[in-house]
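Chains as they are written, first to last, in numbering that gives the first Met the number 0: chain A, 0 to 146; chain B, 0 to 146; chain C, 0 to 146; chain D, 0 to 146.
Notes follow the structure.
Protein chains: 4
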Amino acid sequence: MPKMSAQEFQALIDAELPLVPLFGIRTERLGRGEAVMRMAFNDALVRPGGTIAGPALMGLADVTMYAVVLSLVGRVELAVTTNLTIHFLRKPPPADVLAEGRILKLGKRLAVGEVLLYSDGQADVVAHVTGTYSVPPAGDHSKAPLP
Amino acid sequence: MPKMSAQEFQALIDAELPLVPLFGIRTERLGRGEAVMRMAFNDALVRPGGTIAGPALMGLADVTMYAVVLSLVGRVELAVTTNLTIHFLRKPPPADVLAEGRILKLGKRLAVGEVLLYSDGQADVVAHVTGTYSVPPAGDHSKAPLP
Amino acid sequence: MPKMSAQEFQALIDAELPLVPLFGIRTERLGRGEAVMRMAFNDALVRPGGTIAGPALMGLADVTMYAVVLSLVGRVELAVTTNLTIHFLRKPPPADVLAEGRILKLGKRLAVGEVLLYSDGQADVVAHVTGTYSVPPAGDHSKAPLP
Amino acid sequence: MPKMSAQEFQALIDAELPLVPLFGIRTERLGRGEAVMRMAFNDALVRPGGTIAGPALMGLADVTMYAVVLSLVGRVELAVTTNLTIHFLRKPPPADVLAEGRILKLGKRLAVGEVLLYSDGQADVVAHVTGTYSVPPAGDHSKAPLP
Numbered sequence: 000m001p002k003m004s005a006q007e008f009q010a011l012i013d014a015e016l017p018l019v020p021l022f023g024i025r026t027e028r029l030g031r032g033e034a035v036m037r038m039a040f041n042d043a044l045v046r047p048g049g050t051i052a053g054p055a056l057m058g059l060a061d062v063t064m065y066a067v068v069l070s071l072v073g074r075v076e077l078a079v080t081t082n083l084t085i086h087f088l089r090k091p092p093p094a095d096v097l098a099e100g101r102i103l104k105l106g107k108r109l110a111v112g113e114v115l116l117y118s119d120g121q122a123d124v125v126a127h128v129t130g131t132y133s134v135p136p137a138g139d140h141s142k143a144p145l146p
Numbered sequence: 000m001p002k003m004s005a006q007e008f009q010a011l012i013d014a015e016l017p018l019v020p021l022f023g024i025r026t027e028r029l030g031r032g033e034a035v036m037r038m039a040f041n042d043a044l045v046r047p048g049g050t051i052a053g054p055a056l057m058g059l060a061d062v063t064m065y066a067v068v069l070s071l072v073g074r075v076e077l078a079v080t081t082n083l084t085i086h087f088l089r090k091p092p093p094a095d096v097l098a099e100g101r102i103l104k105l106g107k108r109l110a111v112g113e114v115l116l117y118s119d120g121q122a123d124v125v126a127h128v129t130g131t132y133s134v135p136p137a138g139d140h141s142k143a144p145l146p
Numbered sequence: 000m001p002k003m004s005a006q007e008f009q010a011l012i013d014a015e016l017p018l019v020p021l022f023g024i025r026t027e028r029l030g031r032g033e034a035v036m037r038m039a040f041n042d043a044l045v046r047p048g049g050t051i052a053g054p055a056l057m058g059l060a061d062v063t064m065y066a067v068v069l070s071l072v073g074r075v076e077l078a079v080t081t082n083l084t085i086h087f088l089r090k091p092p093p094a095d096v097l098a099e100g101r102i103l104k105l106g107k108r109l110a111v112g113e114v115l116l117y118s119d120g121q122a123d124v125v126a127h128v129t130g131t132y133s134v135p136p137a138g139d140h141s142k143a144p145l146p
Numbered sequence: 000m001p002k003m004s005a006q007e008f009q010a011l012i013d014a015e016l017p018l019v020p021l022f023g024i025r026t027e028r029l030g031r032g033e034a035v036m037r038m039a040f041n042d043a044l045v046r047p048g049g050t051i052a053g054p055a056l057m058g059l060a061d062v063t064m065y066a067v068v069l070s071l072v073g074r075v076e077l078a079v080t081t082n083l084t085i086h087f088l089r090k091p092p093p094a095d096v097l098a099e100g101r102i103l104k105l106g107k108r109l110a111v112g113e114v115l116l117y118s119d120g121q122a123d124v125v126a127h128v129t130g131t132y133s134v135p136p137a138g139d140h141s142k143a144p145l146p
């Protein structure tokens with residue numbers, strides 16, 4: 000069982016992160032150490048040529064990493080991104096973007112995860128992201144078995 | 000001389016990138032292979048604790064890289080980010096964020112640059128970014144001497 | 000079918016890359032856009048505490064990316080790494096290290112791939128790597144369908 | 000004053016890291032939060048075309064980051080790399096490689112730094128590296144003022 004439900008996580012990010020409603024990001028599914036998020040297509044995110052702006056994709060990936068981490072450690076507001084690397088692979092067409100995130104390593108102090116972004120209904124990866132979150136030292140999260 | 004003026008670059012991004020007016024990004028200075036951009040403080044970018052959202056910092060860095068690249072190759076709309084790595088170093092307080100970008104390498108096909116983000120009036124780096132842009136093959140940009 | 004066999008790739012790297020025999024890197028399997036490499040355990044690669052040196056893991060990952068790329072474009076000696084990001088996740092014990100690489104995107108000019116490193120016989124990922132290779136423009140590799 | 004001298008650091012890495020004598024890495028200068036290292040030219044590091052192997056450059060950068068971190072926290076053997084991103088910018092000719100590292104942020108648990116690699120006697124950057132080290136929690140290193 001994840002330490003937060005999809006509904007709880009959505010309520011948290013709607014309240015905490017103004018870019019979430021702006022970008023139209025929704026929690027589709029939250030499991031232990033994995034998350035699926037959706038960013039609704041939105042004219043405000045489009046670049047010329049009909050593709051979706053890079054910062055919107057980065058924002059979606061960052062929120063997805065946050066979901067992955069909180070699914071394991073629960074509501075820890077001090078969890079913060081320490082680094083993020085994104086490779087843009089294909090220009091996403093004007094459509095919803097889906098983000099599939101999973102944990103790679105949950106340590107006592109750092110969590111590392113991976114997010115793949117897809118255009119809705121397409122098999123090819125649009126962008127690949129790895130990121131690290133710093134998690135507060137209280138509570139040794141690394142003892143809990145991962146899926 | 001840069002291949003675009005600060006005014007021309009600002010007009011381009013205002014027209015092309017909807018996130019630019021949303022984030023309040025302005026071109027402060029554009030030189031050959033270097034750029035200074037400013038993101039005005041804006042309540043829509045704030046996270047709890049009064050710090051500025053990571054995706055806004057990533058967006059600012061990405062636009063700054065774009066400025067650095069176009070200062071060298073001119074208005075090339077097909078220039079696209081291929082990857083970006085950001086390290087978040089300190090939580091920026093609620094204030095304007097300044098981005099200082101410079102080119103590390105301009106090749107025939109790829110441009111690599113670096114961006115440092117600062118809070119206005121502070122000496123410590125808030126975030127460090129490296130990124131790669133793909134530039135169209137027409138015109139061998141690598142021949143032009145860099146500063 | 001890959002454009003090189005495992006034997007051909009091994010012969011190439013044995014001849015070209017002095018670090019390959021030094022690190023004891025072997026090609027286990029080469030498919031279209033995927034590769035499995037093995038680095039034999041070797042006292043020269045050990046750090047205090049019995050773990051394997053980071054640069055050896057980075058070298059193994061880089062060679063694995065090279066295998067993934069050449070499996071798709073054939074023997075192209077001008078293919079060069081343009082960037083590499085590694086996350087070290089767990090300290091590998093003194094044992095062989097296996098690297099599983101796959102292509103994420105093969106474009107006309109850039110190839111992006113991902114490599115996961117494991118300790119032989121262990122399920123947990125030891126390190127996660129993404130990297131970009133620049134491939135010479137002659138021959139439009141992006142037309143060939145990927146697996 | 001750095002918490003280790005260049006001589007002490009060299010002795011530490013000669014004893015601890017077998018790749019250091021193999022790659023011919025020497026500590027040229029160690030300051031508080033900054034280091035200059037040299038990798039002697041060595042036929043074992045060469046690739047066809049006379050350029051230096053990527054893994055040797057990555058190894059040099061990693062050791063330089065280690066020097067930067069230990070200059071601030073002293074001899075802490077549990078300091079380990081958690082991630083490293085390298086951009087290869089130019090093919091280094093067959094010559095010594097110099098690495099200039101500096102700290103970007105020293106926190107209680109993480110240290111982030113940057114390394115620029117040069118060919119001896121050349122002004123252009125050969126590779127740009129950012130990396131993160133995890134430092135043991137004992138001792139709050141973040142209180143010490145940086146240069």
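For every residue, glycine included, the Cβ atom is placed at its ideal position computed from N, Cα and C.
> Can you find a CB in chain B that lies within less than 7 Å of the CB of residue 85 of chain A?
Replying inline: Residue numbering aside, residue 85 of chain A sits at position 86 when the first sequence is read from its first letter. Judged by the 7 Å Cβ criterion, residue 85 of chain A is in contact with chain B.
> Among A:6, A:128, A:34, which has the Cα closest to the Cα of residue 66 of chain A?
Replying inline: What you label residue 66 of chain A is simply residue 67 of the first sequence in a count that begins at 1. Of the candidates A:6, A:128, A:34, the one whose C-alpha sits nearest the C-alpha of residue 66 of chain A is A:34.
>> List, from N- to C-terminal side, the beta strand (DSSP E) runs of 3 residues or more that fit wholly inside the region 101 to 141 of chain C.
In response: 109 to 118, 124 to 133
> At a Cβ threshold of 7 Å, is residue 80 of chain A touching chain B?
Replying inline: As a first step, residue 80 of chain A must be located in the first sequence, where it is residue number 81. Closer than 7 Å to some Cβ of chain B, the Cβ of residue 80 of chain A qualifies, so yes.
>> I need the DSSP call for residue 30 of chain D, collapsed to helix, strand or coil.
In response: Here residue 30 of chain D is taken as the residue at index 31 of the fourth sequence, counted from 1. Of the three classes helix, strand and coil, the one that applies to residue 30 of chain D here is strand, per DSSP.
> Hey, does residue 135 of chain D have any beta-carbon neighbour from chain C nearer than 7 Å?
Replying inline: As a working mapping, residue 135 of chain D is identified with position 136 in the fourth sequence. Not one chain C Cβ lies under 7 Å of residue 135 of chain D.
> Between the region 92 to 119 of chain A and chain B, which residues of the former have a C-beta closer than 9 Å to a C-beta of the latter?
Replying inline: Within the region 92 to 119 of chain A, no residue has a Cβ that lies closer than 9 Å to any Cβ of chain B.
> Cβ of residue 10 of chain A less than 7 Å from any chain B Cβ?
Replying inline: Reading the first sequence from its first residue, position 11 is the one you call residue 10 of chain A. Cβ-Cβ to chain B under 7 Å: no for residue 10 of chain A.
> Between residue 117 of chain A and residue 128 of chain A, is the Cβ-Cβ spacing less than 7 Å?
Replying inline: Numbered from its first residue, the first sequence carries residue 117 of chain A at position 118. Numbered from its first residue, the first sequence carries residue 128 of chain A at position 129. The answer is no: Cβ separation not under 7 Å.
> Would you say residue 15 of chain D faces chain C, with C-beta separation under 7 Å as the test?
Replying inline: In the fourth sequence, the residue the question calls residue 15 of chain D occupies position 16. Cβ-Cβ to chain C under 7 Å: yes for residue 15 of chain D.
> Taking Cβ positions only, does residue 123 of chain D come closer than 7 Å to chain C?
Replying inline: One-based indexing of the fourth sequence puts residue 123 of chain D at position 124. Output row for residue 123 of chain D: interface = no.
>> Output needed for residue 40 of chain D: all residues of its chain with C-beta closer than 7 Å, excluding positions within five of it in sequence on either side, in chain order.
In response: As a first step, residue 40 of chain D is located in the fourth sequence; it is residue number 41 there, counting from the start. For residue 40 of chain D, same chain residues with a beta-carbon under 7 Å away, outside a window of 5 residues either side, are 93, 94, 95 in chain order.
> Closest to residue 114 of chain B by CA distance: which of B:106, B:102, B:120 is it?
Replying inline: Stepping through the second sequence from its first residue, residue 114 of chain B is reached at position 115. Comparing Cα positions, the closest option is B:102.
> Just reading off the alpha helix (DSSP H) that residue 59 of chain A is part of, what are its end residues?
Replying inline: Translated into positions along the first sequence, residue 59 of chain A becomes position 60. Annotation: the continuous alpha helix (DSSP H) that includes residue 59 of chain A extends over 53 to 72.
>> Can you tell me whether residue 87 of chain A is helix, strand or coil according to DSSP?
In response: Your numbering for residue 87 of chain A matches position 88 in the first sequence. Secondary structure of residue 87 of chain A (DSSP, three-state): strand.
> Since residue 20 of chain B is in the alpha helix (DSSP H), which residue starts that stretch and which ends it?
Replying inline: Along the second sequence, one-based indexing puts residue 20 of chain B at 21. Here the alpha helix (DSSP H) through residue 20 of chain B covers 18 to 22.
>> Any beta carbon of chain A sitting closer than 7 Å to that of residue 129 of chain C?
In response: The residue labelled residue 129 of chain C in the question sits at position 130 within the third sequence. Yes, residue 129 of chain C counts as interfacial toward chain A.
> In terms of alpha-carbon separation, which member of D:50, D:31, D:15 lies closest to residue 0 of chain D?
Replying inline: In the fourth sequence, residue 0 of chain D corresponds to position 1, counting from 1. Cα-wise, what sits closest to residue 0 of chain D is D:31.
>> Taking the alpha-carbon of residue 78 of chain A as reference, which of A:91, A:18, A:61 has the nearest alpha-carbon?
In response: If you number the first sequence from 1, residue 78 of chain A lands on position 79. Among A:91, A:18, A:61, the Cα nearest to that of residue 78 of chain A is on A:61.
> So, is the C-beta of residue 88 of chain B closer than 7 Å to a C-beta in chain D?
Replying inline: For this step, residue 88 of chain B is matched to residue 89 along the second sequence. So, interface residue.
>> Assuming the contact rule is C-beta atoms closer than 8 Å, residue 132 of chain D and residue 110 of chain D should be a hit. Round their C-beta distance to whole Å, please.
In response: Locating residue 132 of chain D in the fourth sequence gives position 133, where the first residue counts as 1. Locating residue 110 of chain D in the fourth sequence gives position 111, where the first residue counts as 1. The Cβ separation is near 5 Å, so the contact holds.
> Over what stretch of residues does the alpha helix (DSSP H) that includes residue 11 of chain A continue unbroken?
Replying inline: The residue labelled residue 11 of chain A in the question sits at position 12 within the first sequence. Counted as a single uninterrupted DSSP element, the alpha helix (DSSP H) harbouring residue 11 of chain A occupies residues 5 to 15.
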